[in-house]
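Numbering (UniProt numbering), first residue to last: 1 to 361. We put the CB at the ideal spot given by N, CA and C, even for glycine. Since we're looking at a predicted model, the values are computed, not measured. Below: the structure, in structure tokens.
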Ligand code: SF4
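What follows is the structure in structure tokens.
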């Protein structure tokens, strides 16, 4: 039974300098056509068992109020058991009217693309908002009682010294939101930064920024529960936990990916083809070995790691039957530990997760 779904809204008002996500410039006409197609996709699925729904993008809040209302009405009418309903928003295109629509259809969590609390850096990233707009949007949500808010921040930006990053984190904590996600900038070849050959911060500064953030957020009541995610007690993202627990999830709409019954799939990525009703789906059937590794790859991102009993129930063999040798090596290096039912990374192992996973491959 699938309990989670991700729906991709592939439109953005403008293109951020670091971004190579799947998205198109927003257009009223294309959005209308897309809405018709994605509504048909939603109606073709049985969504009754869903517990979490996540609308990401792109920029879902780039939809007009009327488009947002029609999209949410379709979702809400088909998801009677939803417990967590998240939508990503950007501060420049979200207002009271859209907030009221979100709340009317049961959205109870917003993930806000803040990225920095420094106007100069926001401009350099080609973001459309400024710090003032971040304050306003958070104030608006709280005033309406929507307090389950998450913000995204980016570090290792060009021209971002450690002290500028510290200032962003201080201001972010002062926003008093219960969930914060941190992402290190990566320069993607197809992004504006990639094409301009912009350099991100060096590895040493990036590591210093990450470590400072962990200590600072921990000191301020946020628990790091995943490599990039920090939450006050009870505010962990249930939807994202489904990914990290390697559960099945529907991927809905153009550009979304999903996983169901040992098959991972990528939906049609060409918007024009999608609008004509084409649904090319790339699928990969995962072998048991691939699934075991992916289970570890996702689960070891969590600070609580993986459950040995869940592993055994899923794969009908014990973790140690398969990974004894690699585990012994990683544990001797101080990167993995076994605590009761759990295998997890040490703090050093979490920093070196890539190396840990290579050893488990
Ligand atoms: S970062 Fe987000 S808002 Fe910016 S272009 Fe990419 S998808 Fe759109």
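Between the alpha carbons of residue 114 and residue 135 lies a gap of roughly 10 Å.
Note on residue 52: 16 or more other CB atoms within 10 angstroms of its CB, so buried under the neighbour-count rule. Per the DSSP secondary-structure output, residue 87 pairs in a beta bridge with 55, 110.
In summary, residue 46 is exposed, with fewer than 16 beta-carbon neighbours lying within 10 Å of its beta-carbon over all protein chains present. When secondary structure is reduced to three states using DSSP, residue 79 falls in the coil class, being assigned neither helix nor strand. In the three-state DSSP reduction, residue 293 falls in the helix class (H, G or I).
Around the beta carbon of residue 299, a 10 Å sphere encloses 16 or more other beta carbons of the protein chains shown; the residue is thus reported as buried.
Shortest gap from the CB of residue 277 to any heavy atom of the ligand SF4: 7 Å or more. Residue 12 and residue 85 have their C-alpha atoms roughly 21 Å apart. Secondary structure note for residue 313: its alpha helix (DSSP H) is the uninterrupted segment 308-315. Boundaries of the alpha helix (DSSP H) around residue 217: 203-219. According to DSSP, residue pairing for residue 345 in a beta bridge involves 336.
Of all alpha-carbon atoms in 16, 70, 230, the one lying nearest the alpha-carbon of residue 176 is that of 230. In the DSSP assignment, residue 172 falls within the alpha helix (DSSP H) that extends over 162-174. Residues 359 of the same chain have their beta carbon placed closer than 7 Å to that of residue 329, with the five preceding and five following residues left out of the count.
Under the DSSP assignment, residue 271 falls in the alpha helix (DSSP H) whose first and last residues are 271-275.
Burial is judged here by how many other beta carbons sit within 10 angstroms of a residue's own beta carbon; residue 284 has fewer than 16 and is exposed.
Taking the C-beta atoms as reference points, residue 199 is found no nearer than 8 Å to residue 214. Annotation: the continuous beta strand (DSSP E) that includes residue 155 extends over 149-155.
When DSSP states are grouped into helix, strand and coil, residue 223 belongs to the strand group. Secondary structure of residue 25 (DSSP, three-state): strand. With a cutoff of 8 Å on beta-carbon distance, residue 107 and residue 87 are scored as near each other. The C-alpha of residue 204 is placed about 13 Å away from the C-alpha of residue 351. Here the alpha carbons of residue 66 and residue 26 stand approximately 15 Å from one another. For residue 12, the three-state secondary structure derived from DSSP is strand.
Minimum Cα-Cα distance from residue 218 among the listed residues 311, 93, 173 corresponds to 173.
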